[in-house]
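For reference, the structure discussed in these notes is given below.
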Amino acid sequence: EASPTTEPDEETTTTEDGGGATGSKKAYVLAVADAMREVEDSDFPIDDEQADCLAPRGVDAIGYETLLDAGVTPEVLGGSEDGETDAEFEDVVDRARAEKLVDAFGECGLDLEEFFFDGLASDGSATPEQVDCLRGRLPEGFVRTLMVTSMDGGDDALDDDANLEDQLTEAFMACLAEG
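Residue 19 is where the sequence shown starts when you use our numbering, and the numbers rise one by one after that.
Structure below.
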């Protein structure tokens with residue numbers, strides 16, 4: 019007799035040697051969406067519709083099999099309580115995947131550039147006037163490159179990218195000089 023099959027989004031994988039992760043694709047999507055809903059960040063507000071849009075795109079951008087093979091569980095992908103991602107997450111997000119992740123934000127109505135600039139003003143890093151100045155001084159695509167680099171390699175990658183750092187520093191210094 020035929021045995022029942024599971025749909026790909028319901029697939030569950032286990033390993034005998036303890037390596038790899040277990041969980042269905044749906045579990046990954048739900049964990050990410052739930053984590054987005056739980057974050058109380060006025061600088062980066064995500065509503066339920068955006069979380070439901072972004073979560074499956076994020077899992078697809080990284081790749082379900084990639085997550086399993088790397089041992090990244092749905093809980094890890096969803097992030098820890100303080101909003102930090104586990105080091106294992108950074109291990110599975112290369113530049114191409116980071117670009118897909120960043121693009122997914124826009125596809126779901128989330129403007130990362132606006133969040134970046136609004137965050138600078140709200141956390142006291144810059145005055146509203148300086149933020150307006152930075153908008154005009156930073157090159158087109160700067161925020162996207164910043165986000166991709168951060169997702170691809172974390173803070174170390176940002177520290178190691180002299181071009182990004184120089185662009186931001188030069189723009190900040192020019193805006194500070196303008197007052």
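Using N, Cα and C, we set each Cβ at its ideal position, and we do this for glycine too.
If you draw a straight line from the Cα of L194 to the Cα of Q148, it is about 7 Å long. Under the three-state reduction of DSSP output, G154 falls in the helix class. Burial state of G41 is buried, judged by a 10 Å Cβ sphere holding 16 or more other Cβ atoms. Here the alpha carbon of D70 sits roughly 9 Å from the alpha carbon of M54.
Buried is the label assigned to P74, since at least 16 other Cβ atoms lie within 10 Å of its Cβ.
Contact between L95 and L85 is confirmed by a C-beta separation of about 6 Å, below the 8 Å threshold. Taking 8 Å as the upper bound for CB-CB distance, F133 and L152 are not in contact here, some 14 Å apart. Annotated as distal: A139 and P92, with beta-carbon spacing of 8 Å or more. The beta-carbon distance between V120 and M169, rounded to whole angstroms, is 7 Å. This is short enough to meet the 8 Å contact definition. If you check the CB distance, L156 and I64 do not come in under 8 Å. Taking a contact as a CB-CB distance under 8 Å, the pair R115 and A79 counts as one, their CB atoms being some 5 Å apart.
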